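Notes for the one structure printed next.
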Amino acid sequence: MIITPAARWTSRLWLAAGFLFLYLPIIALVVYSFTDSPVPNVWAGFSLRWYDKLVGDEDIRHALFLSLQIAAASATGSVVLGTLAALTLERHPRFRGRTLFSGMINAPLVMPEVIVGLSLLLMLVSMQRLFGVPERGLVTIWLGHMLVGMAYATVVIAARLRDLNPQFEEAAQDLGARPLQVFFLVTLPMIAQSLLAAWLLTFTLSLDDVVMSAFLSGPGSTTLPLVIFSRARLGLDPTVNALATVVIVVVAVFVVVSSYMIALREKRLQQEQKAAMKAAG
0 MIITPAARWT SRLWLAAGFL FLYLPIIALV VYSFTDSPVP NVWAGFSLRW YDKLVGDEDI
60 RHALFLSLQI AAASATGSVV LGTLAALTLE RHPRFRGRTL FSGMINAPLV MPEVIVGLSL
120 LLMLVSMQRL FGVPERGLVT IWLGHMLVGM AYATVVIAAR LRDLNPQFEE AAQDLGARPL
180 QVFFLVTLPM IAQSLLAAWL LTFTLSLDDV VMSAFLSGPG STTLPLVIFS RARLGLDPTV
240 NALATVVIVV VAVFVVVSSY MIALREKRLQ QEQKAAMKAA G
């Protein structure tokens, strides 16, 4: 197939338009975080006043710390449960109830989040009436986020397990390794990249969740998205722009470093696999 210069330039223009559509609002948000105007989208000269105000905003700092706590705990729990679920589905393809189990894992992916949040709220309220626990707060938000995050983590990890060469695990078993040793010494290092990817994905999903947090939060457990959403009703100031800029910078640095580490690990793993195949051959 011959690609003409006109088609090439057209595709480049569409690509550039797509990137502008995605990233221009973020760039504008960062720029307006340095404005001296109290209106978020009006430029009135360069100023750092909103970053100074952000440092002194106790509500935002408390909400951010709470959101980071929940996101880290939710991502960790989601990866652990997602790994177990993925191993069950991929390493034991035939067992009674597999279809039901798979459907329950995938349900949060297709179920509207408002339905999931309402269902969890009703269940937790019933449990609190019967047993007195749990009270709505950090734990209930963590449970809700982990329920949704586990589904995403399972999909990511299962895809990696599906692409693994089973000969490495079989070779370890032939050499006398027990199933637990095979998992920790062979399987786990080969799926480490997918575990990190699943952790980052579920961390992000938890950090910016609004619907689930609104249903499951209680007094003193307001997450950052809920604080921003409540302030948006009264009118935002560039403090939110400053907060978003800090989050964007931190996330960008973390993603770049993580991607670099994953690429190095993948390259080293491929080299080790090639060396092992040559030695076996």
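Under numbering that gives the first Met the number 0, the sequence shown has 55 at position 56, and the numbering climbs by one with no breaks.
All C-beta atoms in this analysis are idealised placements derived from N, C-alpha and C, irrespective of residue type, glycine included.
Just so we're clear, the structure is a prediction, and the values are computed from it rather than from any experiment.
I'd like to check one pair, residue j with residue i: are the Cβ atoms closer than 9 Å?
i      : j      : result
ASP207 : PRO224 : yes
THR201 : ALA74  : yes
GLU89  : GLY217 : no
ALA158 : GLY81  : no
PHE123 : THR98  : It should be pointed out that residue 123 corresponds to Leu in this sequence rather than to Phe. For LEU123 and THR98, no; Cβs fall outside 9 Å.
LEU86  : PHE182 : yes
VAL185 : ALA191 : no
VAL250 : ILE59  : no
MET189 : LEU163 : yes
Quick check: what's the CA-CA separation for residue i versus residue j?
i      : j      : result
ALA303 : LEU120 : The structure shown has nothing for residue 303, since the chain only spans 0 to 280.
SER205 : GLY148 : 8 Å
GLY116 : VAL78  : 21 Å
VAL209 : ALA106 : 19 Å
PRO24  : ASN40  : 11 Å
LEU19  : ILE26  : 10 Å
SER258 : PHE130 : 46 Å
Use the C-beta contact count for residue i: other C-beta atoms within 10 angstroms, 16 or more gives buried, fewer gives exposed.
i      : result
LEU53  : buried
LEU263 : exposed
GLY143 : buried
MET211 : buried
LEU65  : buried
THR34  : buried
Put residue i into one of helix, strand or coil per three-state DSSP.
i      : result
THR153 : helix
PHE45  : strand
PRO222 : It should be pointed out that residue 222 corresponds to Thr in this sequence rather than to Pro. Coil at THR222, not helix or strand.
THR34  : strand
LEU129 : helix
ASN40  : coil
PHE253 : helix
ASP56  : coil
LEU163 : coil
Does any residue of chain C bring its CB to less than 9 Å from the CB of residue i?
i      : result
LEU223 : Going by chain labels, chain C is absent from the structure shown, which holds only one protein chain.
Measuring alpha carbon to alpha carbon, tell me which of the options ends up nearest residue i.
i      : options                          : result
GLY234 : VAL38, PHE33 and MET145          : VAL38
SER46  : ASP56, GLY55 and TYR31           : TYR31
TRP141 : GLN272, VAL248, LEU215 and GLY17 : LEU215
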